[in-house]
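Q: Taking full-length UniProt numbering, the leading residue of the sequence shown gets 1, the next gets one more, and so forth.
Note that beta-carbon positions come from the ideal geometry of N, C-alpha and C, so glycine has one too.
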Amino acid sequence: MTGLKLAAALVCVLYGGWECIRRKQPLFFKLLLYAMASYLLGTLFTAGYALVYGHEPEGFHVGILGYMGTYFFLLSSYYGAINRLADGGEARYRGYRLAAASGPLLVLVLLAHSVRTLGDGACLTYALLCLPIAPTLYFSIKHLILPDVDLGIIRVMRPYNACVIVFCMVQVLLQAPACSGLDIRAAGSVLSSVLLMTLLPMAEMGVRKWFI
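Here it is as structure tokens:
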């Protein structure tokens, strides 16, 4: 299934690069492209390792840095490029922020359960991945449920935000040490690949409407 994820990541990078060449894209979209490129690098290492040694790497490896980069770029696209347009810190949005905190809280609960069950050593890599996924989930949930601003920026990005939420949750469950069954991994890899190829087109459709 690594080959499927590799192909999906490559398609994403080629699509994002073409869209950046075809028309001027905002920083938000470019950060998403960097996220897909990081995922491609991480998957490329995993595929190369499996090709040489006959099995995928276990524990922490260089490819993990690529996957971490994916979520850090996703997080940057929210926090650095769009969050201030959606949430100016008004008190009336406090309830939405608290509701959005349910995402990272769930990730922390799953991580704590894994550490308690399997020990710190077995969950180190999982913890490194959860570190950027948790705040990314917070922003994606918040931007999904926040009322729209005057320019319609939030409304047009809701399908994209929903896709990010599902993608992150699939990754959290897929990478959990307890979910080591081949059937679960295979199903998760297929779903991850489909979601991965959906993210950039959804984002591009939303971003295009910012300028209409």
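(1) Tell me the rounded alpha-carbon separation between leucine 10 and alanine 37.
(2) Please determine, among Leu144, Tyr71, Gly17 and Val170, the residue with the shortest C-alpha to C-alpha distance to proline 159.
(3) When you compare each of Ile165, Gly16 and Thr43 to alanine 100 by their alpha carbons, which one comes out closest?
(4) Under three-state DSSP, which class holds methionine 157?
(5) Could you name the residues of the same chain whose beta carbon sits closer than 7 Å to that of leucine 27, not counting the 5 residues immediately before and after it, in chain order?
(6) Pick helix, strand or coil for leucine 146, following the three-state DSSP scheme.
(7) Look at tyrosine 126 and glutamine 171 and say whether their C-beta atoms are less than 8 Å apart.
(8) I'd like the list of long-range same chain contacts for valine 62, defined as Cβ closer than 7 Å, with 5 residues on each side in sequence excluded.
(9) Under a three-way DSSP split, which group does histidine 61 fall into?
(10) Give me, in chain order, the residues of the same chain whose beta-carbon lies closer than 6 Å to that of phenylalanine 72; leave out the 5 immediate sequence neighbours on both sides.
A: With the structure as the only source:
(1) Linking leucine 10 to alanine 37 through their CA atoms gives a straight-line distance of about 8 Å.
(2) Out of Leu144, Tyr71, Gly17 and Val170, the CA that lies nearest to the CA of proline 159 is found in Leu144.
(3) Measuring from the Cα of alanine 100, the nearest candidate turns out to be Ile165.
(4) Coil, per DSSP.
(5) If we look at leucine 27 and ignore the five residues flanking it on each side, its Cβ neighbours are Ala81.
(6) Here leucine 146 carries a coil assignment [DSSP, helix/strand/coil].
(7) Against a cut-off of 8 Å, the Cβ pair of glutamine 171 and tyrosine 126 comes out as no contact.
(8) Cβ within range, chain order: Phe45.
(9) Here histidine 61 carries a coil assignment [DSSP, helix/strand/coil].
(10) Counting only Cβ-Cβ distances below 6 Å, and skipping sequence neighbours, we find Pro132.
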